[in-house]
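Notes to accompany the following structure.
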Amino acid sequence: MSLVGKKAPVFKTGAVINGEEIVEEFSLEQYIGKKDVIFFFYPKDFTFVCPTEILAFQEKLAEFEKRGVAVVGASTDTEETHLAWLLTPQENGGIEGVNYPLVADASKTIANNYGVLAGDWNYNEEGELIFEGTPVAYRGTFFIDKEGIVRHETINDLPLGRNIDEMLRIVDAWQHVEKYGEVCPANWEEGKEAMEESRESVSSYLAKNKK
């Protein structure tokens, strides 16, 4: 079930911040009223597609920060595993140099609440999650506004890496909507024409962009 238009599920859990520091109670609520957030899940530390995505977000981090957007990653690993990977040089398959927060979801409850937990599971009599196979998160990405509302989500299957530039485009589009009250048509990018929500506006737009 989609979270778009709904409050993002809240949590407090361990995380690694600044690429080297473990904190015990990290929450996205710290950004409410201050920043938009890109919150993304990846399957597992010390794997293959995952470091390419995490490093790609780091490469674009200044662009997100310029737009007032915090980037936060998460997986079902522990804080200690995150830290070990963050301290591993890139030439050895690590993600050294990444300094945005990586959330630890070892209980799998955050991934479950965001609807991105892969695999088959159920609850036992104690209310604990029981899994068949190794539970990991799909490649879910959530754009959350300053009010804590999810405005965009995508979920990729495990082999499919994300396009980070598309995340920036989504941020630009939403911030344009907020600033100008216009809607953004297909393939809209910053600096291109948007539309008002009216028949006249869409007719004018389609006429000008007729192929």
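Going by the UniProt record's numbering, 140 is the number at position 140 of the sequence shown; the sequence numbering is gapless.
Using N, Cα and C, we set each Cβ at its ideal position, and we do this for glycine too.
Because the structure is a prediction, the values reported are computed rather than measured.
For this session: Can you tell me which of the three DSSP states Glu178 falls into?
Result: Here residue 178 refers to the residue found at position 178 when the sequence shown is read from its first residue. If DSSP states are grouped into helix, strand and coil, Glu178 belongs with the helices.
Problem set entry | Proximity of Leu102 and Ala70 at Cβ, strictly below 8 Å | Counting from one through the sequence shown, the residue named residue 102 turns up at place 102. Counting from one through the sequence shown, the residue named residue 70 turns up at place 70. Not closer than 8 Å, so no.
Exercise. Going by the CB atoms, is the gap between Arg139 and Asn156 shorter than 8 Å?
Worked result: Position 156 of the sequence shown, counted from the first residue, corresponds to residue 156. Position 139 of the sequence shown, counted from the first residue, corresponds to residue 139. Going by C-beta atoms, Asn156 is nearer than 8 Å to Arg139.
Exercise. In the structure shown, what three-state DSSP assignment does Lys7 receive?
Worked result: Working through the sequence shown from its first residue, we reach residue 7 at position 7. Lys7: strand per DSSP, three-state reduction.
Exercise. Do the segment 87 to 103 and the segment 53 to 68 meet, that is, are 3 or more Cβ pairs less than 8 Å apart?
Worked result: yes
For this session: Going by CA-CA distance only, name the one from Thr109, Ile32 and Asn124 that's closest to Thr76.
Result: For the purposes of this step, residue 76 is identified with residue 76 of the sequence shown, where counting begins at 1. Considering only alpha carbons, the answer is Thr109.
For this session: Please list, in chain order, all residues of the same chain as His176 whose beta carbon is under 7 Å from its beta carbon, the five residues on each side excluded.
Result: Position 176 of the sequence shown, counted from the start, is the residue given in the question as residue 176. Only Glu182, Cys184 and Ala194 meet the Cβ criterion.
Problem set entry | Bounding residues of the alpha helix (DSSP H) (the contiguous stretch that carries Arg199) | For the purposes of this step, residue 199 is taken as residue 199 along the sequence shown, with counting starting at 1. Run containing Arg199: Arg199 to Lys208, per the alpha helix (DSSP H) assignment.
For this session: Jot down the residue ranges of each uninterrupted alpha helix (DSSP H) in the segment 68 to 129, minimum 4 residues, whole runs only, in chain order.
Result: 79 to 86 and 109 to 113
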